[in-house]
Structure formats: structure tokens, C-alpha cells
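Structure, as C-alpha cells:
Number of protein chains: 4
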Amino acid sequence: MPKLKDLIEELVTANRILANEGIVDSFGHVSVRHPDRKDRYLLSRARAPERIEASDIMEFNLDGEPVDVRKAKRFAPYTERFIHGAVYELRPDVQSVVHNHSPSTIPFGVTGNTLKPLLHICASIGHEVPLWDSHDRFGDTALLVNSMAMGRDLAKRLGKGRSALMRGHGAVVAGNSIRHAVFVSYYLELNAKLQMQSMAMGRIKYLYPGEVDAVVARTGPYTLNRAWENWCRRAGRKTKEVG
Amino acid sequence: MPKLKDLIEELVTANRILANEGIVDSFGHVSVRHPDRKDRYLLSRARAPERIEASDIMEFNLDGEPVDVRKAKRFAPYTERFIHGAVYELRPDVQSVVHNHSPSTIPFGVTGNTLKPLLHICASIGHEVPLWDSHDRFGDTALLVNSMAMGRDLAKRLGKGRSALMRGHGAVVAGNSIRHAVFVSYYLELNAKLQMQSMAMGRIKYLYPGEVDAVVARTGPYTLNRAWENWCRRAGRKTKEVG
Amino acid sequence: MPKLKDLIEELVTANRILANEGIVDSFGHVSVRHPDRKDRYLLSRARAPERIEASDIMEFNLDGEPVDVRKAKRFAPYTERFIHGAVYELRPDVQSVVHNHSPSTIPFGVTGNTLKPLLHICASIGHEVPLWDSHDRFGDTALLVNSMAMGRDLAKRLGKGRSALMRGHGAVVAGNSIRHAVFVSYYLELNAKLQMQSMAMGRIKYLYPGEVDAVVARTGPYTLNRAWENWCRRAGRKTKEVG
Amino acid sequence: MPKLKDLIEELVTANRILANEGIVDSFGHVSVRHPDRKDRYLLSRARAPERIEASDIMEFNLDGEPVDVRKAKRFAPYTERFIHGAVYELRPDVQSVVHNHSPSTIPFGVTGNTLKPLLHICASIGHEVPLWDSHDRFGDTALLVNSMAMGRDLAKRLGKGRSALMRGHGAVVAGNSIRHAVFVSYYLELNAKLQMQSMAMGRIKYLYPGEVDAVVARTGPYTLNRAWENWCRRAGRKTKEVG
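The listed protein sequences correspond, in order, to chains B, Y, C and F. No gaps in the numbering here: position 106 of the first sequence is 106 in the numbering used here, and each next residue is one more. No gaps in the numbering here: position 21 of the second sequence is 21 in the numbering used here, and each next residue is one more. No gaps in the numbering here: position 69 of the third sequence is 69 in the numbering used here, and each next residue is one more. No gaps in the numbering here: position 33 of the fourth sequence is 33 in the numbering used here, and each next residue is one more.
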């Protein structure tokens, strides 16, 4: 199954890109839905994204149970893998999920200011980014999404969108491919940074709703691949043609 | 025609410098007017500036039609090439055009604060930088300048100046050489960053109009080449002597 | 004593990581309590952290006197080594101490705003970070902690916590291992940066006290080693398994 | 004269360090007084600091005239070399001068906020940093210090201090050695950055005047060499032992 092998390489590249561009640090993760089994996804064992190799990738069912039990004995999985399964469960259209602690998004989560696209290329984050607070339903926790119950609550807040913030924690992004999820994650961080700076300068003219829709409608391989090729080069990865 | 070959190398170097200095990311582009045909310009195929090679450079007429039809079948051109043609059409004095999404300029475009030079070396951006909003005449679009009509509207807003901002999108810079356009682009970003910081601290004493004129009058090869040589080194490019 | 040799390598790595991640610059230092002699600690001679080698590490008693007098004649010790001894003296639980001038913490020290965790992974800094002002008891000095009297006054302000700020100077961090002290130092800087940005945007919802406790309770090797492995890679150091 | 040769290498290293640490960009320069001729100084030909080699260093008398007329025919000198001569003329104690456009200092110059030390290691910039505005006496110019008259006016504003800001332009730093001038330049930038951030957070407790004096009194080779060694490593330069 060459397709699966290529997809795993693509997933490794996604990890390296997100680390290299400062979207994830030692934590954060990216997954892809299994191409042949819609009820499974691929995700690295618990490891910093910058270090991940193809051999680190594990297969999980949507409830977060590892398919290969022997591998799971050697390799600890991410505590928060439930984020991924819960999004895939609720959203059949989603093929790739990113969870990160992207720095500029944090101030929005803790102050409650709404993140909204102000730059054309950031329209992919959605008309506005909903905020999920784990404390509302789960009270005093370590804020980690360590159960399907928490994962589903977060996925519900994400709804039909592309991204959601998590108070005091980070963000989740849902894409229709690995490249798309990485693209949205990257521009979510950029929009947050620019919006923070703009807020200090005056009233912001965000993108018009119709503009957001127009940008989203035309964001396809032509756009995604240009950025991907560039990020691959910076991260020292070859560009694989997938999908 | 050795001159053309050297100019293409210079254009490749300009792309690499703009990427390396953070003025363009995966998008954005720089062109040069054809040295022998005033009604044509040279611009890369659609590709991230950091990746561009001499073989990616294409020739266009001012309406944005590729001269080499066979090459155009293999290589997709930039959607927004019309920015370049429209500026060359309106401004016979302009020899090089940059379009970018330079990060610090974005907050000015979306808040409507006027960008004005406050540092001597930034005087090249002009007395003040006009703002163009595609929505005024074209309504809900993906904000991309994908027709001569849009390009001409933008060029008109640029007028006789060196730079103009595009709301929710980026900036356009018009230089009298590749090195000049790169120089203005670099210092437009720096001025925006410093002005943003200064605005938070109090009332700004911008350059006096007479100072702006005095700086512009003496900005020639002595100044441009010093920066260019430095940026080439950082971007791992040799310095070619052109023009 | 292979354990000691490994610990010294770990200490060198800690210095390189702190420098590479921008937590220390040319100054700042990190120590570890001697594994066999609770009344001694290991600390480099006076040198920029980015340059430190295993041969630079010296052994001190808690009063800051070098154990190897001959080595001390060749190598000048850090003026501020008293910070380390005073913390080890007051806090038997502490195994590693970092002193730094971490940039984002400085504005908190000089404005008196209280640093508090707002991001889950930053909970390790403690419920809130106390501020020590050397001027209160020692008046006009060069602000350097160059005596046990100053060191003890600072350690008292740190109390049972994990971190304390020093007005106009920097911070001190107390960990239960080298990896823990580096981890807390890194996330103290991040929290300061994010809190500074958030303060400009509105009222902050800090972590709930119960959340801070929950995060601290589960921050063990699983978490620390993931970050450590990543930072080692970035700093060009091998990951040694210690403790 | 091995001493002169070593000093020239030290001056080249100073240029590379200032460029590598972001204190100068393509412009800005650093000089040293001639060790045997108090009425002369050494300064590179007009070139970006990151590119400078030993063969670029020229000798000037205090009025800015090149001593080696043949070399001066091949190599254009810096337009603003008069800054250096004017400071050496007024200040027999000064052995090295830096002129830069250090980014965080610019907002202070254009808003008129007074830069004052708030971090112990920044005390070397002086109790407060005076601001010189070329427009006061010279009106509309390109802001360049291109005559002894302008240089002397600036030097007068610097007075007995270590640093002065130039409105809309940059800063000048006067040290008692190359390493000292580089050190003050580096920490002038850091203090400006931290003061800018602190101003946004509340009222600042600057260093007490007695603290500034105490720090300055103890800033000698022990401190300067530690930073220098570190910066050399980062800039890929060997540490030469000089003075």
C-alpha cells in the first residue's frame, strides 16, 4: 500500500513544518484520517513534533485505542489523542486535525477577544473562531483533553468550522487534507499576531463576510502547494506529491 | 543577450532576498521591466519566492499575457500578475515592481492609520503611503488583483508614489530598478514596525517633508548597493553587478 | 562515579539549551545539587552558558566556597553563585537552580505587575511569582547577589515556590531536577511574554487555582523528557538518560 | 606593529558581532582610536558591517580625511565618519565609537520619551540618554552627519555620557575600548526594547542613581570579556586577546 506509506511521510513532514514555523513547540500534534478505514486515524507516539520519524506513527480507532497493541506497549501515545478522534467522529468531511499551543492565539483565549480574519490569506480560519473553555463543563482539570467526553465537547464547539480556541491551552484546526490543516494552522497564528497588533492601533476593518467566502472558495491545491513546497524547503524535507 | 541573462539572475536574487528578509512569505512576487521591450516585463511562474530559479522566469506583455505560450502551458503564472503590468503601463519611470504581504504593513491597512516615514532610511517609501481598498470598487472578492481593471485601479491609487497599501492584503512597491524596489520594500516593513511601536508610546515626530526630499535625492547606487551586497550574503547569493 | 559524570554532562546540556532558547544570554547560570553530598552543588566557572564545557564545571559548598582550590585559582567563579547555595540551604527539596535575565520577565519586575500562569503548561511557575527587590534591604548596590546575606534574603522571598523575580535584574527558578528547572525557566519566559500581550488586550482569565494544582500534579518525566529531547536536538546536544 | 594588526582584527570582529546581534543592519559603523596616534582613528570603508574584512579598514585623521590617499581613491569612505572624529576630538577618554540604527531606540527618538536604564546590565548606557535632533541647528537635511560641524554638535549633545539618540536616525555610543562600545550598544538596544514593553504595562521603577553608579564602577574585563567571548562564537569569530 504505497498510498499509506506516502501519507505517513506527508504526516511526518507536517510535524516538521509545524515545528519549524513555530506553530507547535515541544508539544502539539497533527493527525490524518486513515485513507482506507474512515474509523481510524494516524498520529505519532508522544514525541516533540520536530523529532518525529515515520516509525513513530501509530494507528488509532476513533475512541483513541491503538490498533497495534504491541507497538503501544513500547510507545506511549499522546494523552490528548481524543481531540483527533472526536473531530473525525463528528465531522466526516475532515481528513486532518492539528492541535497546537500556537503562541499568538493564547491571548485571545484568555481575554475572550474574538479572533476574526483580517488578511485575505487568513480567511481559511473561518468567519470567526469559537472559544472552548474546558472549565465550563469539566471544572478544575489539568486542561488536557484526556477523554472522549472532553474531546466531543470540544468538537461540538468547533462545530462546522475550521478552527477553535481552547482557553489557557491552545487551538484545534480541522482540514480537508494534511496540507490544508497545516495551512490553516499557520495562518491562524499569523492572523492572531496581526489582529493583536491592529487592536492596539484602532478599530479594525475585518474581511467582509462575502470576502471570506470568496477566498475560501478558491483556496485549493494551487495555493496550498505553493506554501507547502516553501515550508518543506525550510524544514529540510522533500516535497512528496500526495492526493 | 548577456544583459537579459544577468537581469534574470538579479531578479532571482531579489526573490531570495525578499524571502530571506521576511518581506514575502510563500506568496508575493517581484518583477522587472524588460530591458529591450518597454511593453513587457519579467516575472516568475507561480512559486514561493524562496524557491525560484532562473528557469522559472517568464515574459509577459503589459496585459499579463505570457509571451512564450508553450512555457505557459507547463507553468501556471501568478494570478495577480496584473499588478505589475498595470503599474508599468501607468508609470513609464518604473522599472521594477514588488507585491508583498509584509507583516507590519497589514495593521495599517486594516485600521486606516497612515504610514509615514519616521526614520531617514525609510524616506524612500514616500511622504505618506496611500491605502487602496479593493472593496470600494469591486465589492466582495477574494481580494486578489486578477484583472487589468483591478490592477489599473490599484496603480491609480499608487499614483506617482513609491508604495501603496492594500487593505486586508498587503502592499505594492514601485522602484526605478530591482535593487531600488527591494530596498523600498524592506524599509517599508521596518518603518511600519517602528511606527506601530512609536504610536503606542506617544506623539510621533515624523521626518520633515524637506528631510524626506533630501533623503530621496541622495539615495543612489552608493546606498542601494551597500544593502544589496549585505542581503545577497545573507541569502547565499553572489552579488552581480547590473545596471 | 559515572553518575556524577553524566550529571555534569546534563548540566552542560542545560546551559546550552537555556542559551539556545534565549532564556540566558551572555550571563545567567544553572546549577545542580551534588548527588552524593547534599551540602555541595555543581556550577560552571564564570562563562557565557553557550560556551560551557564539562571541564568548566566546579564544585562549591553551600556558602559558595570552591572545593577544588587549585581549579579556583585558574577559573574565576560567578559572582552570584550565592543565589544557588542559599536556595539549596533553605530548600532541601530543590535539586537544581537557574538564575537568568529572561527578557520578558524584566517588565514585570520593574512595573510590579504580578506574573501569574495563564497557559496550562506554564502552571509550573507556581500560583503567582513573588518579586524581590534588593534595594529594600541592601540599598544602592550593583544589584548582584554577591553574598550569602543577599542570597538568603532572595531565597526567603522565593519561599516554597518554584520561581521569583528580581527587580531590575532577572529571575531565579528552583526545580526538583535539572530538566525541571530548565522547563520552569522556559515556560516562565513564555508566560511573561503572553501575559504582557494579553494585558494589552483586556482582562485576563488566569488558570484557576485548582487547574494550577492539577497541572503541577501531573508534570513528570513524560512531560519533561518530551521537551528536553526537543531542546537537545535544537541545541545540537545528545539526550542523556539521567535520573 | 602586531598590536595594530590585532586591533584591526578586533574591529572587524566588532562589526560582525554588531551585525549578527541585530544592532547594525546594512548601515551603521564602529571605529577605534589609533593606538599610537591619538589624532587618528580606524574605520572601515563604506560597506555593510557583516561583510567587512581587515583589508577594508582605513585610517582617518580626526577631521575625517583618509591618511592613505591611494586607498581612498579605490574605496569610498562612510559619509558619516565625522561622527567618530568629532567624538574623539571632544572626548580624550573615548577609544571606540559606534553609530547604529538599532531598531528599538528609534521609537524613543521620534516620540521624545527618555531612555533610562531599568536593567542592571544596561546601566552602562548612562543615567539617561540625551536626544539630538539635527533639525534644530541644521534644518532640512538628509539627517546624515556629513560634516565636522554636525559631528561636533552631536558630540556636544553626547557630552560626558556613553550614548545619545539621534531623532529619526539612530544612536551614537562612546566606549573606552572596542569591547566596551559594543557592550553598551548591545544593552542600549535591549534596554530600549524592555522599556518600551514596560511603558505599556505601568509606571516603571528605573534603576536608582546609586545603583547605576555601582554597576558602572564594576563593569570591567570580567564582564565585558564574558559577553565578547559569547558574541564571537555566535558570529563565527575567534576571540582575540587585546588590551
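Positions of the beta carbon are idealized from the N, C-alpha and C atoms, including for glycine.
How close, in whole Å, do the beta carbons of D153 (chain B) and R167 (chain B) come, if the pair is a contact with beta carbons under 8 Å? Their Cβ separation, rounded to whole angstroms, is 13 Å, which puts D153 (chain B) and R167 (chain B) out of contact at 8 Å.
Sort out for me which residues DSSP pairs Y88 (chain F) with in a bridge. Paired residues: none, contrary to the question.
Whole angstroms is fine: what's the gap from R226 (chain C)'s alpha carbon to L165 (chain C)'s? 27 Å
Rounding to the nearest angstrom, what Cα-Cα distance links I106 (chain F) and N61 (chain F) in this structure? 30 Å
Would you mind working out which of Y:R51, Y:E128, Y:L43 sits nearest T79 (chain Y), comparing C-alpha positions? Y:L43
Counting only C-beta atoms, is P66 (chain F) closer than 7 Å to chain Y at any point? no
DSSP three-state label for A235 (chain Y), please. helix
In the structure shown, what three-state DSSP assignment does Y222 (chain F) receive? helix
8 Å Cβ cut-off: residues of chain F touching G202 (chain Y): T111, G112, N113
Three CB pairs or more closer than 8 Å across the segment 83 to 95 of chain B and the segment 183 to 191 of chain C: no
Round the Cβ separation of H101 (chain C) and L119 (chain F) to the nearest angstrom and send it over; I've been treating them as touching at under 8 Å. 7 Å
Beta bridge counterpart(s) of A174 (chain C) as assigned by DSSP: C:V97
Contacting positions in the segment 165 to 192 of chain C - beta carbon closer than 7 Å to chain B: none
Are the C-beta of A235 (chain F) and some C-beta of chain Y separated by less than 7 Å? no
Given that S198 (chain F) touches chain C, what residues does it touch there, using C-beta distances under 8 Å? I106, P107, V110, T111
Check whether G175 (chain C) and S96 (chain C) have beta carbons under 7 Å apart: yes
Using the beta-carbon of each residue, which ones in chain C are nearer than 7 Å to Y208 (chain F)? H135, D140
Could one say the Cβ of N225 (chain C) lies closer than 7 Å to chain B's Cβ atoms, at least one of them? no
Quick check on E55 (chain F): buried or exposed, where buried means 16 or more other Cβ atoms within 10 Å of its Cβ? The sequence shown places Ser at residue 55 (chain F), rather than the Glu named in the question. With fewer than 16 Cβ atoms within 10 Å of its Cβ, S55 (chain F) is classed as exposed.
When you compare only the Cα positions, how much space is there between L131 (chain C) and A86 (chain C)? 17 Å
Please return the same chain residues whose Cβ sits closer than 7 Å to the Cβ of K151 (chain F), not counting the five positions on each side in sequence. Lys is not the amino acid found at residue 151 (chain F); the sequence shown has Gly there. These residues qualify, in order along the chain: F82, I83, G85, A86, V145.
Tell me which residues share the same chain as V110 (chain Y) and place their Cβ nearer than 8 Å to its Cβ, disregarding the 5 neighbours each side in the sequence. R167, G168
When DSSP builds the beta bridges, which residues end up paired with S31 (chain C)? C:V97
Could you check how far apart the C-beta atoms of L143 (chain C) and A192 (chain C) are, in whole angstroms? I think they sit under 8 Å. That belief does not hold up - the Cβ atoms of L143 (chain C) and A192 (chain C) are roughly 19 Å apart, past 8 Å.
For G243 (chain B), three-class secondary structure by DSSP: Summary for G243 (chain B): the model assigns pLDDT 38, below 50, so the residue's position carries little reliability; its value from the coordinates is reported in the next sentence. Coil.
Using a Cβ-Cβ distance under 7 Å, would G243 (chain C) count as near chain F? Only weak support exists for where G243 (chain C) lies, its pLDDT of 38 falling under 50; the coordinates are left without a value.
Please report the distance separating the alpha-carbon of V215 (chain F) from that of V12 (chain C). 29 Å
Considering only the beta carbon of each residue, do D140 (chain C) and E211 (chain F) sit closer than 7 Å? yes
Chain Y contacts made by the segment 82 to 107 of chain F, where a contact means CB separation under 9 Å: H101, P103, S104, I106, P107
Give me, in chain order, the residues of the same chain whose beta-carbon lies closer than 6 Å to that of E65 (chain B); leave out the 5 immediate sequence neighbours on both sides. none
Since P77 (chain Y) sits in a beta bridge, which residues does DSSP pair it with? Y:R45
Hey, how far is the Cα of A155 (chain C) from the Cα of S147 (chain C)? 12 Å
Taking just the CA atoms, how far does S177 (chain F) sit from G243 (chain F)? Per-residue confidence for G243 (chain F) stands at a pLDDT of 38, beneath the threshold of 50, marking its modelled position as unreliable; the derived number appears in the next sentence. Approximately 8 Å, taken between the alpha carbons.
A48 (chain B) and S26 (chain B) closer than 7 Å at C-beta: yes
For Y222 (chain C), count the other beta carbons within 10 Å of its own beta carbon; 16 or more makes it buried, fewer makes it exposed. Which is it? exposed
When Cβ atoms are compared, which residues of the segment 20 to 52 of chain B fall closer than 9 Å to chain C? D25, S26, F27, A46, R47, A48, P49, E50, R51
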